[in-house]
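These notes concern the structure reproduced below.
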Amino acid sequence: MFVSCCFLPAVGATWHGADTVSAAVVPDADTLQPLAPAMPDTSLARLDSTALIGMGDMLSYNDTTATDTSSKKDRILMSDVEYKAKDFYYIDEEKKRAYFYNEAEIKYGDITLSAGYILLDYGLGIAYARSILDSSGVQTQKPIFMQGEQAYDAYAMVYDFNTKRGYIKNVKTEQTEGYGAGRSVKKEGEDVFYASDFYFSTDEKLRGWIDGTGEETDYYIRSSRVKMTAGKSLVAGFSQLYIADVPTPLVLPFAFFPLNTYPSSGVLLPSYNMTNDQGFGLVNAGYYFVINDYLHLQVNGDIYTKGSWALRTTLNYFWKYHFSGSLNFDFSKVVYGEIGLPGYTKSKPWRLSWTHTQDQKWSPGLTLSASVNFSSQGYYENSLDQMYTNNYINNSVTSSSISLAKSWGASPFKTSLSMTQSQNNAQNSMSLTLPSLVVTMNRIYPFKKEDSDGKKWYEKINMQWTMNAKNTISNMPIDSFMTSSMFSKYSKMNVSHNIPVSASYKVLKYFNLGLGVNYTEDWFFKTIKKHWDDDQGKVITDTIPGFKALRQFSTSASLTTMVFGMFNISEKGKLRAIRHVMSPSLTYTYSPDFSTSFWNYYDAVQTGDRLGQIMYYSYFEGMGAGYPSYGGMSQSLSFSLVNNFEAKVADKTDSTGVKTKKVKLLDNLSTNVSYNFAAQQFKLSTIPVSGSTSFFDRRVALNFRFNFDPYRIERTLQEKKNKNDPDVYVTTRIDELGAPRLTDAGVNMNFSISSADFNKNKGKASGDNNNGSNSDSNGNYDKYGYLEYLPTWSLSMGYTYTYSKPLDKTSITNSVSLNGEVGFSKNWNMSFSTGYDFQASKVTDLRFGFARDLNTWHITLSWAPISYYSSYSFFIGVKASLLKDLKYEQNKSYRNSIF
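The sequence shown: position 578 = 910 (this note's numbering), numbered continuously.
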């Protein structure tokens, strides 16, 4: 609790304490002895301003007697002062001084001063603070000076509230990510400090080490003189780097450290890089612009001695509690080789990206989101900041989307306006939907009354509606983006409506009957017309502008149920029972043949000079939406079956043998087959089988799939043009049922294990015999009572096998990948990854990584001897972003594997 007091001229002295305190209990001079300078060896009542002046040269007054204080009207504290002290406070109204002892604290304006002992000369406006000794003779309750959000602690200090000047001995402070300490500090104004023999580090151990009470700091920068502006900057004179209190050859004539707690404009200092392909380069040099509180712009780039360069711009915008985003554009010129020599190449890769996110609480009915990623072909292989990574593998196909969605509370209607883009860099193609307007109506029950229980058959009927108006651009070359041909040649517009109507009923107690009708209607604004051109000897396709609608519908009926089976095996054995759950489903679908002349969706065109050479085509081919196939009547009956197997086994952790647990044996062992009564041939579909399982507490996961073709194949000998030509056989699928033939298969297995799996079990076992002794989280102590560190590790392996033989050509992939990580100690870490292709009989990738955490520093070493871009790199630097340029790094890369 603070006491507010206004100091007014008065006569006499007053003692205050927690209880009644007499002058006899005032601590003697030995108890209050300051660190520097020496205090008078008399009682508190005899302390005068001479002691304050002795603190430093900075505070000097012509006359410091009590009688002079009244004449210095501009130096008298006129505002209220809030104060508190645990043991006592003493106010000498004649000399205009107040004394506070033990957990003392005073507040004046935005300044808070706390210490073991505080003397406040409110006549002069000067405060003196220092620590006190505890019962064991240790300095405690050191002065802490706080102004705003900045705090400084020291052995002793003097502060003039009027001039905002002060003198501090052995000050310590925290600024942004750094810690500073100075032997002798002068304060000028509210935020400026001058210090001699100053220590600066991002290691928090500096605070204790500088006092001689803590661990040795990892590193520090020692400066002869500094000027520090709180929250802004620290400018130092001659500075030297010390590591583990050992001086290094790294010496700077001057140094500058930004201490901003808020973003500010400034130069982005470059780092250097050296590669065989580009030579020596300066990397990430640029400037950061703080345009205002909502917009920040960063411009930086690279330049290399062999002619390559890059320019990158990033515009960040943010409105707190509303939205934020980032717009990026990268452009570079990349040169390989020497002009006039083989292998010389030059490229200009570019990339444009935009991300936007909106706070869900802001305008919840209207949401804008964006993730845009456009790039030139080969950007992830050739750009300067991507070429030596594996991103070209992960970004062979990139995608973008922008979406604006609107909903209306409880209304079933909602709408969205979006743009999507997919770019295949390997095939130099791009597809866009620009734009797509979607209006949807959520499921409604049009015949259900508000006060009804919904049990009547017609009340179960429900419907939905979706309208999608879109303009699609498919398989366009990347270079045609934003050109005139993008819309004139590749653009196709249509509007699609879809209305599904369905109902579900319980029949015969155990079965669910589902009935449905699906209606779609597509509007086209362009169609095609084909004709035979005798002069050119080929079919010509003309695009006809004009509106035309395509209407389709289908019906369906399904019957589903679930069958449960339990096989009891033993009451006391390890395997108690096996549970089998089957989910069969029978579905019938019907859709008419929309290729007949009644619907007028198809036409015939001559395809040759001879009579009867005709081909049927749809007016809607290539117009950006689906259309019915020719002869597409469907009357299909399909059957599917999903199986799940579980075992009930004895719980090993239960000594009584009563508890059991469930173990999954097979998940989703499924198959399905269909028969199309209306098909002219191949009425029976292929038969897929798939499933998954896991072993060893899910450490091993296995997925498999097989596809069987029930129809036979036939090999026929091709007619020879020449008598001596070799025999050539052609394999075709014939409409005759035979033994199911495996045409496609795949097996994928993933295995993962880590030290945590073993330590968890070991911890349980050791925990039973702990007998209350101290132990770490794993209970690992040696026989002498010292903590044993168990290295942490993890290992994962993936195996993939695929087989494909639709007719007579066989395609097989057979590969394995291995990834691991080992933590030799809490700070040492090694990782590796590799892969092997059994079909090609070669290692596909080999990478090693090492990392060492040095508390405030970190070291990384990576080596990729076998990769598309073989490389190695070494880095050591300070972790804190404030001194991110205090580092050393070396990189080297090769266009191809060095093995």
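Backbone N, C-alpha and C define an ideal beta-carbon position, used for all residues, glycine too.
- By the Cβ rule, the region 746–766 counts as touching the region 807–827, because three or more pairs are nearer than 8 Å.
- For Thr545, the closest C-alpha among the options Tyr552, Lys1053 and Lys537 is that of Lys537.
- The DSSP-derived three-state label of Leu1214 is helix.
- Taking a cut-off of 8 Å for Cβ pairs, the region 1051–1061 and the region 1015–1027 do not touch, as fewer than three such pairs fall below it.
- Taking the C-beta atoms as reference points, Thr687 is found no nearer than 8 Å to Ser707.
- The continuous stretches of beta strand (DSSP E) do not include Phe819, which lies in the alpha helix (DSSP H) extending over residues Ser816 to Ser820.
- Distance from the CA of Leu973 to the CA of Leu1069, rounded to the nearest whole angstrom, comes to 22 Å.
- Taking 8 Å as the cut-off, the beta carbon of Asn1082 is found closer than this to the beta carbon of Gly1130.
- The alpha carbon of Phe1009 has as its nearest neighbour, out of Gln967, Ser463 and Arg1047, the alpha carbon of Gln967.
- Take Lys693, set aside five residues on each side of it, and the residues of its chain with a beta-carbon closer than 8 Å to its own are Tyr653, in chain order.
- Per DSSP, Arg942 lies in no beta strand (DSSP E) and is assigned neither H nor E.
- Look at Arg1031 here: in three-state DSSP terms it is coil, with no helix or strand label.
- In the three-state reduction of the DSSP assignment, Gly540 falls in the helix class, which pools H, G and I.
- For Tyr574, the uninterrupted beta strand (DSSP E) run begins and ends at Ser571 to Ile575, by DSSP.
- Here Ile776 carries a strand assignment [DSSP, helix/strand/coil].
- Contact between the region 899–915 and the region 975–987 is established, with three or more Cβ pairs separated by less than 8 Å.
- A distance of 8 Å or more separates the beta carbons of Leu766 and Ser748.
- Its Cα nearest to that of Thr1142, the residue Asp1076 stands out among Phe1180, Asp1076 and Ile500.
- If you draw a 10 Å sphere on the C-beta of Val583, you find fewer than 16 other C-beta atoms in it, and that means exposed.
- A direct Cα-Cα distance of roughly 60 Å separates Met965 from Leu627.
- Just so you know, the alpha carbons of Tyr433 and Leu1215 end up roughly 41 Å apart.
- Secondary structure at Tyr790: helix, using DSSP grouped into helix, strand and coil.
- The region 942–961 makes no contact with the region 1000–1007, as fewer than three CB pairs between them are under 8 Å.
- Excluding sequence positions up to five before and after Asp662, its CB lies within less than 6 Å of the CB of Arg644 and Arg683, all in the same chain and listed in chain order.
- DSSP places Asn900 in the strand class (E or B) of the three-state scheme.
- Cβ-Cβ distances below 6 Å link Asn800 to Val770 and Ser828 in the same chain, with the five nearest sequence neighbours on each side left out; the list follows chain order.
- For Asn1004, the enclosing beta strand (DSSP E) begins and ends at Thr992 to Asn1008.
- Separation of Gln709 and Phe1180 (C-alpha to C-alpha, rounded to the nearest whole angstrom) is 30 Å.
- Counting only residues of its own chain and dropping the five nearest sequence neighbours on each side, Gln690 has a CB closer than 6 Å to the CB of Phe655, Thr699 and Leu700.
- Rounded to the nearest angstrom, the gap between the Cα atoms of Ile1191 and Ala483 is 33 Å.
- Going by DSSP, Tyr712 is part of the alpha helix (DSSP H) stretching over Tyr711 to Asn714.
- Here DSSP, grouped into helix, strand and coil, assigns Phe1090 to helix.
- In chain order, Asn794, Gly846, Leu847 and Gly848 place their CB closer than 7 Å to the CB of Ser834, counting only its own chain and leaving out the 5 sequence neighbours on each side.
- Here Thr607 is bridged, per DSSP, to Gly611.
- DSSP lists Leu1034 and Tyr1131 as the beta-bridge partner residues of Met1081.
- Take the alpha-carbon of Ala1033 and the one of Asn844: they are about 33 Å apart.
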